[in-house]
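A short worksheet on the structure shown next.
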Amino acid sequence: MNLYDKLVEYGKDNYYPMHMPGHKRNPEFSMVNPYSIDITEIEGFDNLHHAEGILLEGMERAAKLYHSKYTNYLIGGSTAGLLTAIAAATKKGDKVLVARNCHKAVYHGIYLNELQPIYIYPQIDTHFNINGGISPEKTEELLIKHKDIKLIIITSPTYEGVVSDIPSISSIAHKYKVPLLVDEAHGAHLGFHPGFPRNSIQAGADMVIHSLHKTLPAFTQTGLIHVNSDLVDYEEIKRYLGIYQTSSPSYLLMAGIDNCINLLMDRSKELFSQYYELLQNFYGRMKALKNIKVLFPDNIKNYGFYEFDPSKITISTKNTDISGTMLYDILLNEYKIQMEMVTRDYVLGMTSICDTKEGFHRLSKALLEIDKQIHSKPKSIIKHLTVNQEVPEMVMTSSKADTCLQETIPFRFSEGRISGEYIYLYPPGIPLLVPGERISKELLKDILSYQTEGLQLQGLQDMKGQYIKVIL
Ligand SMILES: Cc1ncc(COP(=O)(O)O)c(C=O)c1O
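In this text, residue positions in the sequence shown follow our numbering: the first is 96, and each later residue adds one.
Below, the structure is given as structure tokens:
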């Protein structure tokens, strides 16, 4: 069966999407026949790369909605926005302060611009084994220590919804006259209702990147880049958008962005109030769980988070006799609920203003039923993952590592060598190793033990994790 037929057939089935895109395939938010509005840069329809008409007006509306000085459409997702923002705010070889849990697009931006990263690690929450926020105090310490840092890059919210203290981090950044770039790919829906955190534009960041498709009704690949400060040259942003984005941006996708912005302008109050009520009912029902644990937004102070986005539903099986993968499979096969992500210990659901009462009800009913059929695990046999937070020795930048001759060797014999590849542990999604970093004895031991435990390692070209490329 080809992709088109498979998608059409899937769309007719009754699977409920607890995943992105945020439109949730809900017909209430759909558009006309896609072919009827798919054009190119014809008379009267402007040009994204030299916008002066209808597209400029749309982007100005988006800027007004988010209270940003300038906003541009992204057709190429947050990835295009991050590559653009990093290139525009730095010069080749600059030093940048980077949260180690940033998405790979940030690492690619660092690589392409031959930047020298100084890493800041997020706190780790041991209740759910997820990344916490970035500490403003640590940010300031590193800015004092490295006076030549030219840009700060932070991800907030995280995939699981943890929001960092952006107001404090941005005022620290500005004290040292360093621009703050927030990868808010997962937070385009923030700032429209008091039950959700403020967005990073409201919180003072200089550049903010949004994936509209993740949490709002918009097509996959659509996003926004916001520039809200004189510390960043907007002309450079436009220049790099011309480099990193296609020269044929889809009018269908741009019309989808326009629709999404207009919907928020006209109906955000009503839609977010209904949505928040559905979320509150859902979390309320989850209080009856005995074995499965849900990350409750009203408990975040216990976990030490600054703020939390309630749209993300993190469901932990850590203290039970089933794994995250088993829960994911039961939800999919027995309840026809497709979740966004699964790890050894938890399952993640993504929700949006397009979710229905029926969708929330199906998930809560499923979890309550499953919870009754499983057991809690005695505390003594619950393994806690302690992720090594030692910063590996950076012998060279990732861009320099790429220019060196490399060889492939068995991973278990790689002690002391300089890596030519990334290794991630998912979760929490922090690279344990970046190209150019030395593989220490301790790190090798830790990674081998993660492998023995069956944890998911990503990044190596050898998917089985037996071999690694190292610098000769
Ligand atoms: C934190 C974060 N930043 C950036 C991206 C890239 O976003 P996009 O897929 O819109 O390019 C992702 C994608 O999952 C992400 O999770």
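Glycine residues also receive a C-beta, built at the ideal position from the N, C-alpha and C atoms.
Query                                                                                                                                                                            : Result
Judging by CA-CA distance, which residue of ASP404, PRO116, GLY379 is the nearest neighbour of LEU311?                                                                           : PRO116
Tell me whether ALA280 counts as near ligand 1, meaning its Cβ is closer than 8 angstroms to at least one heavy atom of that ligand.                                             : yes
Pick out whichever of THR492, SER514, GLY419 has its Cα sitting closest to the Cα of GLU502.                                                                                     : SER514
Enumerate in chain order the residues of its own chain whose CB-to-CB distance from ASP416 is below 7 angstroms, with the five nearest sequence positions on each side excluded. : ILE469, HIS470, LYS472
Span of the alpha helix (DSSP H) holding GLY176?                                                                                                                                 : 172-184
Cβ-heavy atom distance between THR174 and ligand 3 below 8 angstroms?                                                                                                            : Among the ligands in the structure shown, ligand 3 does not appear; only ligand 1 can be found there.
Rounded to the nearest angstrom, what separates HIS145 and GLN556 at their Cα positions?                                                                                         : 40 angstroms
Are the beta-carbon atoms belonging to PRO530 and TYR206 less than 9 angstroms from one another?                                                                                 : yes
Could you give the DSSP three-state label for PHE377: helix, strand or coil?                                                                                                     : helix
When you compare each of GLY172, ALA180, LEU285 to THR446 by their alpha carbons, which one comes out closest?                                                                   : LEU285
Should the stretch 295-304 be regarded as contacting the stretch 276-284, the criterion being three or more beta carbon pairs within less than 8 angstroms?                      : yes
Since LEU237 and ILE213 are thought to touch, with beta carbons under 8 angstroms apart, how far apart are those beta carbons, to the nearest angstrom?                          : 6 angstroms
Should VAL322 and ILE332 be called a contact, given that it needs their Cβ atoms to be closer than 9 angstroms?                                                                  : yes
Of all the options THR174, GLY318, ILE267, which has the alpha carbon lying nearest to the alpha carbon of ALA298?                                                               : ILE267
Quick check on the DSSP output: the alpha helix (DSSP H) that includes LYS472 runs from which residue to which?                                                                  : It is not in any alpha helix (DSSP H) - LYS472 carries neither H nor E in the DSSP assignment.
Taking a contact to mean a Cβ-Cβ separation below 9 angstroms, would you say ASN208 touches ASP220 in this structure?                                                            : no
Can you say whether PRO231 is buried or exposed, counting buried as having 16 or more other CB atoms within 10 angstroms of its CB?                                              : buried
Is SER514 close to chain D, meaning its C-beta is less than 9 angstroms from at least one C-beta of that chain?                                                                  : In summary, chain D is missing from the structure at hand, where a single protein chain is found.
Tell me, please, which residues DSSP counts as bridged to ALA146.                                                                                                                : According to DSSP, which records beta bridges pairwise, ALA146 is partnered with nothing at all.
Mind reading off the beta-carbon distance from ASP260 to TYR401? Whole number of angstroms is fine, and I expect it under 8 angstroms.                                           : 4 angstroms
Can you tell me whether MET96 is buried or exposed, with buried defined as 16 or more other CB within 10 angstroms of its CB?                                                    : exposed
Express the C-alpha separation of ASP325 and LYS272 in angstroms, rounding to a whole number.                                                                                    : 10 angstroms
Can the beta-carbon of LEU422 be found less than 9 angstroms from the beta-carbon of THR412?                                                                                     : yes
Below 8 angstroms, can you find three or more Cβ-Cβ pairs linking the stretch 103-113 to the stretch 447-463?                                                                    : yes
With burial defined as no fewer than 16 other Cβ atoms inside 10 Å of the residue's Cβ, what is the status of PHE140: buried or exposed?                                         : exposed
Using 9 angstroms as the threshold, is the C-beta distance between LEU178 and THR234 below it?                                                                                   : no
Measure the Cβ-Cβ separation of THR438 and GLN369 and say whether it is below 9 angstroms.                                                                                       : no
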